[in-house]
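Chemist:
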Amino acid sequence: MNKTKANTKKKALVLLLVLLLMSLTTYAQKASLKTNLLYGATATPNLAFEIGLSDKTSLELYGGYNPWEFSDNKKLKHYLIQPEFRWWFCETFNGTFVGVHLLGGEYNMAKIKLPFGMYKSLQDYRYEGYFYGGGISVGHQWILSKRWSIEATLGMGYIRTHFDKYPCEECGKKIKSDDKNYFGPTKAGISLIYYLR
1 MNKTKANTKK KALVLLLVLL LMSLTTYAQK ASLKTNLLYG ATATPNLAFE
51 IGLSDKTSLE LYGGYNPWEF SDNKKLKHYL IQPEFRWWFC ETFNGTFVGV
101 HLLGGEYNMA KIKLPFGMYK SLQDYRYEGY FYGGGISVGH QWILSKRWSI
151 EATLGMGYIR THFDKYPCEE CGKKIKSDDK NYFGPTKAGI SLIYYLR
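Using our numbering, the first residue of the sequence shown is number 1, and each one after it goes up by one.
#1: In chain order, which continuous runs of the beta strand (DSSP E) of length 3 or greater are located wholly inside the region 92-171?
#2: Taking only the alpha-carbon atoms, compute the straight-line gap between LEU33 and GLY155 and give it to the nearest angstrom.
#3: Identify, in the order they occur along the chain, each residue of the same chain with its Cβ nearer than 7 Å to the Cβ of GLY95, setting aside the five sequence neighbours on each side.
#4: Using DSSP with H/G/I as helix, E/B as strand and the rest coil, what is THR8?
#5: Tell me whether the beta-carbon of GLY52 lies closer than 9 Å to the beta-carbon of PHE93.
#6: For LYS173, collect the residues of the same chain with a Cβ closer than 8 Å to its Cβ; drop the 5 residues on either side in sequence, then sort them by chain order.
#7: When DSSP labels each residue in this structure, what does TYR182 get in the three-state scheme?
#8: Going by beta-carbon coordinates alone, are LYS75 and ASN108 separated by less than 9 Å?
#9: If we count the other Cβ atoms within 10 Å of its Cβ and call it buried at 16 or more, is TYR27 buried or exposed?
#10: Closest by CA to ILE198, which one among GLY40, THR161, GLU50 and PHE97?
#11: Look up LEU76 in the DSSP assignment and say whether it is helix, strand or coil.
#12: What separation, rounded to the nearest whole angstrom, lies between the Cα atoms of THR35 and ALA152?
#13: How far does the beta strand (DSSP E) with LEU61 in it reach, from first residue to last?
#14: Can you tell me where the alpha helix (DSSP H) with LEU33 in it begins and where it stops?
#15: Which same chain residues, not among the five before or five after LEU80, have their C-beta less than 7 Å away from its C-beta?
#16: Are the CB atoms of SER137 and ILE143 within a distance shorter than 9 Å?
#17: Would you say LYS75 reaches chain C, if we count a Cβ-Cβ gap shorter than 9 Å as a contact?
#18: Which first and last residues belong to the beta strand (DSSP E) in which GLU50 is found?
#19: Considering only C-alpha positions, which residue in the set ILE175, ASN181 and SER177 is nearest to ARG160?
#20: Classify ALA286 as buried or exposed, calling it buried when 16 or more other Cβ atoms lie within 10 Å of its own Cβ.
#21: If you check the beta carbons only, do HIS162 and PHE131 fall under 9 Å apart?
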């Protein structure tokens, strides 16, 4: 990763932290930590922080990071940052919601079969690049107890990605650089939630 990409990554993280701190000073009826069990099934540690902004709105800041390489040079190295603003039909943290989300991150992948037909040649080549986009989502949260809940969510939207393509998992000269547009699922989750307050 070159210096410019590293600086861009740092600026994005600082911006998200500033937004988080600003939201903490507003009306905060509840706050929660959550992990997406579906995303965790890809061996990607992930965590989200969600805070209530009013009786019917909340802000979620979500991130995931996968630094590992698996057997046979198979890798799904990436990080993802995904903030989402939510409007709740009943009350914050209870029932059905709709959301608007942004997303961005970087990746280095090889020998992986992705869902939705993305990068069909990924099993034969290595791709390294970055992405950004946004979408809308719908979800539902079921309260299990005072401190625990389960949430299901699905989002659709747009992703723009720029990537470099290489002939093998670890070596070789760059074959090409390209940009792709993607329309389809941008978010899916079954999350376990713990309420902080």
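C-beta atoms are modelled at their ideal positions from N, C-alpha and C, and glycine is treated no differently.
Modeler: Judging by the given coordinates:
#1: 95-110, 126-143 and 148-166
#2: 20 Å
#3: TRP88, PHE89, HIS140 and GLN141
#4: helix
#5: yes
#6: TYR166 and PRO167
#7: strand
#8: yes
#9: Below a pLDDT of 50, predicted positions are generally treated as unreliable, and TYR27, at 49, falls in that range; the measurement from the model is reported next regardless. Result: exposed.
#10: Nothing in the structure corresponds to residue 198, since the chain is present only between 1 and 197.
#11: strand
#12: 11 Å
#13: 57-66
#14: Run containing LEU33: none in the alpha helix (DSSP H); it sits in the beta strand (DSSP E), 31-36.
#15: GLY63, GLY64, LEU103 and GLY105
#16: no
#17: Absent from the structure is chain C; it holds one protein chain and no more.
#18: 46-52
#19: ASN181
#20: Residue coverage of the chain in this structure runs from 1 to 197, which leaves residue 286 outside it and unanswerable.
#21: yes
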